[in-house]
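The structure appears below as structure tokens.
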Amino acid sequence: MSFRGKVAQGISDMFLVWRRELRKVFHDQGVLIFFILVPLVYPLLYALIYNYEVAREVPAVVVDDSGSSLSRQFARMVDGTPDVRIVARCADMGEARRMIGEGEAYGIIYFPSDFTDRLARGEQSQVSLFCDMSGLLYYKAMLLSATEVSLELNADIKVARAGGTTAEQDAVSAMPIEYEEVALFNPQNGFASFLIPAVLVLVIQQTLLLGIGLSVGTDRERNRFNDLVPISRHYNGTLRLVMGKAFAYFLVYAVVGIYVLCVVPWIFDLPRLAEPATFLAFMLPYVMACIFFSMALSVFVRNRETSMLMFVFTSVPLLFLSGISWPATAIPAFWRGFSWLFPSTFGIKGYVAINSMGATLDEVAVYYVALWVQAGVYFILTCVVYRWEIVSSRRHAIADYRRARNQSA
Amino acid sequence: MTVITGDTLARLFKVARRECRRLVSRPLYLFCMVIAPLFSYLLFTTMMDSGLPTDLPVGVVDQDNTSTTRMVIRNLDAFQQTRVVAHYPDFAAARRAVQRGDIYGFFYIPGGTTAKAMGAKQPKVSFYTNNTYLIAGSLLFRDMKMMGELASGAVARETLYAKGYTEAQAMAALQPIVIDTHPLNNPWLNYSVYLCNTLLPGVLMLLIFMVTAYSIAVEVKDGTADDLLAKSGDSIYVALAGKLLPQTLVFFLMAVFYNVYLYGYLHFPCNSGIGPMILASLLFVVASQAMGIFMVGVFPTLRLSLSFASLWGVISFSISGFTFPVMAMHPMFQALSNCFPLRHYFLIYVDQALNGYPMGYSWQSYLGLLLFMFLPFLVLRRLKHALKTYIYIP
Chain A
0 MSFRGKVAQG ISDMFLVWRR ELRKVFHDQG VLIFFILVPL VYPLLYALIY NYEVAREVPA
60 VVVDDSGSSL SRQFARMVDG TPDVRIVARC ADMGEARRMI GEGEAYGIIY FPSDFTDRLA
120 RGEQSQVSLF CDMSGLLYYK AMLLSATEVS LELNADIKVA RAGGTTAEQD AVSAMPIEYE
180 EVALFNPQNG FASFLIPAVL VLVIQQTLLL GIGLSVGTDR ERNRFNDLVP ISRHYNGTLR
240 LVMGKAFAYF LVYAVVGIYV LCVVPWIFDL PRLAEPATFL AFMLPYVMAC IFFSMALSVF
300 VRNRETSMLM FVFTSVPLLF LSGISWPATA IPAFWRGFSW LFPSTFGIKG YVAINSMGAT
360 LDEVAVYYVA LWVQAGVYFI LTCVVYRWEI VSSRRHAIAD YRRARNQSA
Chain B
0 MTVITGDTLA RLFKVARREC RRLVSRPLYL FCMVIAPLFS YLLFTTMMDS GLPTDLPVGV
60 VDQDNTSTTR MVIRNLDAFQ QTRVVAHYPD FAAARRAVQR GDIYGFFYIP GGTTAKAMGA
120 KQPKVSFYTN NTYLIAGSLL FRDMKMMGEL ASGAVARETL YAKGYTEAQA MAALQPIVID
180 THPLNNPWLN YSVYLCNTLL PGVLMLLIFM VTAYSIAVEV KDGTADDLLA KSGDSIYVAL
240 AGKLLPQTLV FFLMAVFYNV YLYGYLHFPC NSGIGPMILA SLLFVVASQA MGIFMVGVFP
300 TLRLSLSFAS LWGVISFSIS GFTFPVMAMH PMFQALSNCF PLRHYFLIYV DQALNGYPMG
360 YSWQSYLGLL LFMFLPFLVL RRLKHALKTY IYIP
């Protein structure tokens, strides 16, 4: 056959593989669950769980040994902040601790008996904060509210001490340099806005991994020799096989990806600062890297359902390895290197930068290039393992043919 | 009901032996029951080895560049949690660095700050944190807030020292009231303590769900369900008990392992002693297995029961409330959280190991775990029917 004929044949075979793979996807309930149902429902479920974004009105109790008007004002002001609610005033620490033990409160604000005396003497006075550490968000809410109130009261006290000056001078003596904190992105400090974008990106990789694994396991089970590749003239070339299949998955995930990464954030009003062009340009290598990564890994799947047992649990470690929760700079070098094996690591960081911080491709260049490199490496790896599978299935067929011939002879 | 006789015990033993053979026949079981949990234990604990992230990279935009502002920046660097890695000429450049992920936040000092402060004109400095990374953002927030206070106080303090104030007096004048925090039982704010205590059992639970559902449903697929029932004298009780007891043993060993690892080796707070935690782990393992039986009973096909197991297992991590409090969820999810064994285990851990309360405090959670063990009884008939009549459809 001429070179041109070969190419033409290859391309027509590729489209045949593509059509068959697409039909397989849409005729297999199991694959459909992963490719359609999970991406459709999971994000909704997550968004609903984290719907309220922040822990508001964390219940706390007050133990006031000072019984002064200032301590009462302090407690009232803490109660007035959105994050903390004072649910009771306890007579002593024992009672307060019992309330924490029974889960009725998560923190104690304690005013010592010399609270106002010390202030009167010009000494530094302490308010103690005891906090249940079962959830860090409780601690954070308590600490921030109490700090805020103490700063406000401090300013008042300092002004009162300075005495008899104009309002502007008051401000200056309270605080010679004013400072402000600005949350650059995710200004409400929301839990959903922080976690869900990362989960969405991970869903794409994990469902591809599971769906492709399932599909490959099915192919093997249907095959007489448990081989991945059927014996057929059309399945002879590695490239046409790999590209035909990948193209089928890509088509499905072009739609699924847009739903998961654009429509879901829109439904739940999560951050979406992405430029459409930037977003699409970034998603292209991510989806490709995920597809080839999944195809390369899928050769390990021997049975239809085993992909689920092997891959589902990895979602939790992968989320942590991405550095979205535990800061990437604090992850030991070994695990950081390990995390580079997975498209999700770069995908999450890049998507979060683009979508939650409005970054352009320039700013996510590192992740963008890394994803292309992964797509390339995993593509080559997929070709190698498929080549190997083609050869081994051919070998099985030949052995079988010989056996049959020997028997008839 | 089957009366337990010597004969039943003999059959139970036979089924258990059959199951042991099945478990060692496929590397898949070794992977899911031993390798995957061990790998996760190791990954989470070593990843968060430092407990509290240190040296988070931050940037500085110092458009004033005087000895005072340089001192302020040096102070910022001295905080344990932050490390000044770069100086940027202006706001836009620093913002881009945040987007690139080079830094988690930056300090912005506009030109003329020192002069204004000396002239009592109250200049303003700002710090910007990236709360897209919630943990890093919160940690920076704390340091930077303190830094802001110090920067503000630095000028006033110099004046007070000049007037002959001692350091204590100066601090009392600048900050009349201070907050003194006591994070109960985790005073180091150790994130590893906060997360690993629930992450490790969570991963184990997910794998228990999957292995339980798989090992039962795969009998239908392999066409060995008849053999299983025959060996157990046509009793679903004997069949399930014999099948799952060997697994209980392996999973319980894995649970004991993480308990010893966390509380014995890593010395995480365990104020109740390890006993209650081992008991809770045993209940937790059996509750998870019961949940697995329930899943395969409701959907006796491999595909659906494993999908159910994955869904329930993965959602557990969010709904058990160890990262985002259940209290802050929609009331529907608050109620639903009771249907997850991990939620009860987490509550027991908080009461017992973390806070050291007596076990009576958490009776509801123990009861919750025990209730899971009744779930299989709801689906036994259906499961038996499925084992006898179902034909595997891919």
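Listed in order, the protein sequences are those of chains A and B.
The first sequence begins at 0 in numbering that gives the first Met the number 0 and counts up one residue at a time.
The second sequence begins at 0 in numbering that gives the first Met the number 0 and counts up one residue at a time.
Don't be surprised by glycine CBs; every beta carbon is placed ideally from N, CA and C.
Since the structure is predicted, the reported quantities are computational estimates derived from the model, not experimental observations.
For this session: Check the Cβ-Cβ distances between T1 (chain B) and every residue of chain A, and say whether any is below 8 Å.
Result: Counting from 1 along the second sequence, the entry for residue 1 (chain B) is found at position 2. Caution is warranted here: a pLDDT of 47 is assigned to T1 (chain B), below 50, making its placement in the model unreliable, and the coordinate value is therefore given only provisionally. Chain A contact via Cβ: absent.
Exercise. Taking the alpha-carbon positions, what's the A171 (chain B) to L47 (chain A) distance?
Worked result: For the purposes of this step, residue 171 (chain B) is identified with residue 172 of the second sequence, where counting begins at 1. For the purposes of this step, residue 47 (chain A) is identified with residue 48 of the first sequence, where counting begins at 1. About 47 Å.
For this session: Would you mind giving the Cβ-Cβ distance between F312 (chain A) and V202 (chain B), rounded to the nearest angstrom? I have them listed as a contact below 8 Å.
Result: Mapped onto the first sequence, residue 312 (chain A) falls at position 313. Mapped onto the second sequence, residue 202 (chain B) falls at position 203. Correct: roughly 6 Å between the Cβ atoms.
Problem set entry | Delimiting residues of the beta strand (DSSP E) encompassing K123 (chain B) | The residue given as residue 123 (chain B) occupies position 124 in the second sequence. Looking at the DSSP string, the run of the beta strand (DSSP E) that includes K123 (chain B) is K123 to N129.
Exercise. Exposed or buried, what is P275 (chain A) when buried is set at 16 or more other beta-carbons lying within 10 Å of its beta-carbon?
Worked result: Along the first sequence, read from residue 1 onward, the residue named residue 275 (chain A) stands at position 276. The residue in question, P275 (chain A), is exposed, as its Cβ has fewer than 16 Cβ neighbours within 10 Å.
For this session: Taking C130 (chain A) as part of the beta strand (DSSP E), name the residues at either end of that continuous run.
Result: Taking the first sequence and counting its residues from 1, the one referred to as residue 130 (chain A) is at position 131. C130 (chain A): member of the beta strand (DSSP E) spanning S124 to D131, first to last residue.
For this session: Could you name the residues that DSSP lists as bridge partners for P58 (chain A)?
Result: Numbered from 1 along the first sequence, position 59 holds the residue referred to as residue 58 (chain A). Its beta-bridge partners are A:R84.
For this session: Mind listing the chain A neighbours of I318 (chain B)? Cutoff is C-beta to C-beta under 8 Å, in chain order.
Result: The residue given as residue 318 (chain B) occupies position 319 in the second sequence. For I318 (chain B), the neighbours in chain A by C-beta distance under 8 Å run, in chain order, I48.
Exercise. Can you list the residues of chain B that V158 (chain A) reaches, using a CB-CB cut of under 7 Å?
Worked result: On the first sequence, residue 158 (chain A) is found 159 positions in, with the first residue counted as 1. Here the premise fails: no neighbours, minimum Cβ distance about 11 Å.
Exercise. With respect to the beta strand (DSSP E) encompassing D179 (chain B), which residues constitute its N-terminal and C-terminal limits?
Worked result: To locate residue 179 (chain B), count along the second sequence from 1; it is residue 180. Here the beta strand (DSSP E) through D179 (chain B) covers I176 to L183.
For this session: Between the Cα of S231 (chain A) and those of A:Y400, A:A288 and A:A396, spot the shortest distance and give me the residue it belongs to.
Result: Numbered from 1 along the first sequence, position 232 holds the residue referred to as residue 231 (chain A). The residue with the shortest Cα to Cα distance from S231 (chain A) is A:A396.
Exercise. What are the residues of the region 324-351 of chain A that lie near chain B, defined by any Cβ-Cβ distance shorter than 7 Å?
Worked result: Under the 7 Å Cβ criterion, the region 324-351 of chain A contributes S324, W325, P326, T328, A329, I330, P331, W334, K348 and V351.
Exercise. At which residues does the alpha helix (DSSP H) containing V40 (chain A) begin and terminate?
Worked result: Stepping through the first sequence from its first residue, residue 40 (chain A) is reached at position 41. Taken as a continuous stretch (DSSP letters only), the alpha helix (DSSP H) holding V40 (chain A) covers V37 to I48.
Exercise. Of all the CB atoms in chain B, is at least one closer than 8 Å to the CB of S407 (chain A)?
Worked result: Counted from its first residue, the first sequence places residue 407 (chain A) at position 408. No, S407 (chain A) lies away from the interface with chain B (no Cβ there is under 8 Å from its Cβ).
Problem set entry | Neighbourhood of G110 (chain B) by C-beta distance below 7 Å, restricted to the same chain and skipping five residues each side | As a first step, residue 110 (chain B) must be located in the second sequence, where it is residue number 111. Closer than 7 Å at the Cβ level, and outside the excluded window around G110 (chain B), lie Q62 and D63.
Problem set entry | Beta-carbon contacts of L341 (chain B) that lie in its chain and below 6 Å, excluding the five residues immediately before and after | The residue given as residue 341 (chain B) occupies position 342 in the second sequence. G201, M204, S315 and S319, listed in sequence order.
Problem set entry | Which listed residue (B:D101, B:Y356 and B:P245) has its alpha carbon closest to that of Y132 (chain B) | For this step, residue 132 (chain B) is matched to residue 133 along the second sequence. Minimum Cα distance to Y132 (chain B) is reached at B:D101.
Exercise. Excluding five sequence neighbours on each side, which residues of the same chain lie with their C-beta closer than 7 Å to the C-beta of F345 (chain B)?
Worked result: What you label residue 345 (chain B) is simply residue 346 of the second sequence in a count that begins at 1. Taken in chain order, the residues that qualify are T197, S319, G320 and F321.
Problem set entry | Where Y51 (chain A) sits in the DSSP three-state scheme | Numbered from its first residue, the first sequence carries residue 51 (chain A) at position 52. It is coil, neither helix nor strand.
Problem set entry | Identity of the residue in A:Q204, A:G357, A:F337 and A:L136 nearest A273 (chain A) by Cα | The count along the first sequence starts at 1 and reaches residue 273 (chain A) at position 274. Ranking the options by Cα distance to A273 (chain A), first place goes to A:G357.
For this session: Find out if the Cβ-Cβ distance for the pair P270 (chain A), N153 (chain A) is shorter than 8 Å.
Result: Position 271 of the first sequence holds residue 270 (chain A). Position 154 of the first sequence holds residue 153 (chain A). Result no, Cβ atoms of P270 (chain A) and N153 (chain A) do not sit closer than 8 Å.
Exercise. Can you list, in chain order, the residues of the region 82-109 of chain B whose Cβ is nearer than 8 Å to any Cβ on chain A?
Worked result: R94, R95, V97, Q98, R99, G100, Y103 and G104
Exercise. Cα-Cα, which of A:L208, A:S297, A:F224 and A:R303 is closest to Y252 (chain A)?
Worked result: By one-based count along the first sequence, residue 252 (chain A) stands at place 253. Answer by Cα proximity: A:L208.
Exercise. Under 9 Å Cβ-Cβ, which residues of chain B neighbour A145 (chain A)?
Worked result: As a working note, residue 145 (chain A) is residue 146 in the first sequence. Correct list: I178 and T180.
Problem set entry | Host alpha helix (DSSP H) of Y260 (chain B) (start-end) | By one-based count along the second sequence, residue 260 (chain B) stands at place 261. Here Y260 (chain B) belongs to no alpha helix (DSSP H), and DSSP marks it neither H nor E.
Exercise. Could you give the distance in angstroms between the alpha-carbon of L374 (chain B) and the alpha-carbon of Q288 (chain B)?
Worked result: Residue numbering aside, residue 374 (chain B) sits at position 375 when the second sequence is read from its first letter. Residue numbering aside, residue 288 (chain B) sits at position 289 when the second sequence is read from its first letter. Roughly 10 Å between the two C-alpha positions.
Exercise. Does DSSP put S392 (chain A) in a helix, in a strand, or in coil?
Worked result: Numbered from 1 along the first sequence, position 393 holds the residue referred to as residue 392 (chain A). It is helical.
Problem set entry | Beta-carbon separation (whole angstroms), G355 (chain B) vs N189 (chain B), contact threshold 8 Å | In the second sequence, residue 355 (chain B) corresponds to position 356, counting from 1. In the second sequence, residue 189 (chain B) corresponds to position 190, counting from 1. About 17 Å separates the two Cβ atoms, so there is no contact after all.
Exercise. Relative to chain A, which residues along the region 120-133 of chain B have a C-beta separation below 8 Å, given in chain order?
Worked result: K120, Q121, P122, K123, V124, S125, F126, Y127, T128, N129, N130, T131, Y132 and L133
For this session: Measure the C-alpha to C-alpha separation of D179 (chain B) and L118 (chain A) and round it to an integer number of angstroms.
Result: Your numbering for residue 179 (chain B) matches position 180 in the second sequence. Your numbering for residue 118 (chain A) matches position 119 in the first sequence. Using only the alpha carbons, I get a separation of about 16 Å.
Problem set entry | Inside the region 324-382 of chain A only - alpha helix (DSSP H) runs reaching at least 4 residues | 332-338 and 342-356
For this session: Tell me whether Y400 (chain A) is buried or exposed, calling it buried when 16 or more other Cβ atoms sit within 10 Å of its Cβ.
Result: As a working mapping, residue 400 (chain A) is identified with position 401 in the first sequence. Result: exposed.
For this session: Determine which residues of the region 357-383 of chain A have a Cβ less than 9 Å from any Cβ of chain B, and write them out in chain order.
Result: G357, A358, T359, D361, E362, V363, A364, V365 and Y366
Exercise. For the ligand MG, any of its heavy atoms closer than 7 Å to the Cβ of L353 (chain B)?
Worked result: Among the ligands in the structure shown, none appear at all, so the ligand MG cannot be discussed.
Exercise. If we cut at 8 Å on Cβ distances, does M287 (chain A) have a partner in chain B?
Worked result: Start at 1 with the first residue of the first sequence, and residue 287 (chain A) comes out as number 288. Answer no: the Cβ-Cβ gap between M287 (chain A) and chain B never drops below 8 Å.
For this session: Please go through the same chain and pick out, in chain order, the residues whose beta-carbon is closer than 8 Å to the beta-carbon of W311 (chain B), but skip the five residues on each side of it.
Result: By one-based count along the second sequence, residue 311 (chain B) stands at place 312. The answer, listed in chain order, is F208, M290, M294 and F339.
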